[in-house]
Amino acid sequence: MQQLDPKPTDDAVPPEAAPPVAEATAVPAVTLFVCSSCKAADAEPGTPPAGQSLLAATQTEAAGDDTFAVHEVKCLANCKRGLSAALVRTGGWSYVFGDLDAASAPDLVAGARLFTGSTDGLLPWRGRPDALKRGMVARIPPLPSP
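When we follow UniProt numbering, the leftmost residue of the sequence shown carries the number 1, and every step to the right adds one.
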C-alpha cells in the first residue's frame with residue numbers, strides 16, 4: 001500500500017490562491033412547470049407544439065425574477081385541456097391549469113408571483129388572473145410532513 005506524502009510540493013496551490021467556492025444558491029419555493037408538448041386544437045400537422053410558444057413567452061415574461069423558477073415539462077397529461085401548466089410550492093399546494101394559450105404567459109407569471117407571496121401555502125383566489133380561475137384542473141395537497 002502506497003503512503004501519501006503529507007508534505008506540500010512546489011506545485012501545490014496555497015489556500016489563499018485557490019478559487020473561491022461557489023455558495024449554494026437557494027432554490028425558489030415556487031416552480032412553474034410549462035408543458036412544451038401541448039398542441040393547439042387547431043394546429044396544422046407538422047407545426048411545432050404551441051406549448052413551446054407558451055414556454056418561451058413565460059420564460060421571457062419571468063426573466064430577471066428569481067422569486068420563482070420556470071421549467072419545461074414534456075407532458076402534464078392534460079391533453080384534452082392543453083395548453084397546460086402547473087404551479088408547485090415546497091410545503092404547499094400544487095395547481096394544474098389547462099385551456100391556456102401563448103397569451104397566458106403574463107397570467108402564469110402573475111400567478112407564480114402571487115403564490116410566492118402566499119403565507120398559507122395556497123394560491124389566493126383574490127388577485128388570481130382569470131385564466132388561472134377558469135383553467136384550474138386540479139389542486140393537489142402538499143405531502144405530509146415526516
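Backbone N, C-alpha and C fix where the C-beta goes; we use that ideal spot for every residue, glycine too.
{"Query": "So what does DSSP say about cysteine 35, is it helix, strand or coil?", "Result": "strand"}
{"Query": "If we count Cβ pairs, one from each stretch, closer than 8 Å, do we get three or more for the region 95-107 versus the region 129-142?", "Result": "yes"}
{"Query": "Can you have a look at proline 141 and say buried or exposed, based on whether 16 or more other CB atoms are within 10 angstroms of its CB?", "Result": "exposed"}
{"Query": "May I ask you to list the residues that DSSP assigns as paired with residue 147?", "Result": "Residue 147 is absent from the structure shown; the chain starts at 1 and stops at 146."}
{"Query": "Count the other C-beta atoms from every protein chain shown that fall within 10 angstroms of the C-beta of threonine 31, then say buried if there are 16 or more, exposed otherwise.", "Result": "buried"}
{"Query": "So, at 8 Å on beta carbons, what are the nonlocal neighbours of serine 118 in its own chain, with the 5 sequence-adjacent residues on each side left out?", "Result": "Arg89, Gly92, Pro124"}
{"Query": "So what's arginine 128 in DSSP terms, helix, strand or just coil?", "Result": "coil"}
{"Query": "At 4 residues or longer, and completely inside the region 36-64: list those alpha helix (DSSP H) runs for me, N to C.", "Result": "50-62"}
{"Query": "Report the partner residues of serine 94 according to the DSSP bridge assignment.", "Result": "Val88, Ile140"}
{"Query": "Near serine 94, what residues of its chain come up, given a Cβ to Cβ distance below 7 Å and the 5 sequence neighbours on each side ignored?", "Result": "Ala86, Leu87, Val88, Ile140"}
{"Query": "Taking the C-alpha atoms as reference points, what is the distance between proline 48 and serine 36?", "Result": "10 Å"}
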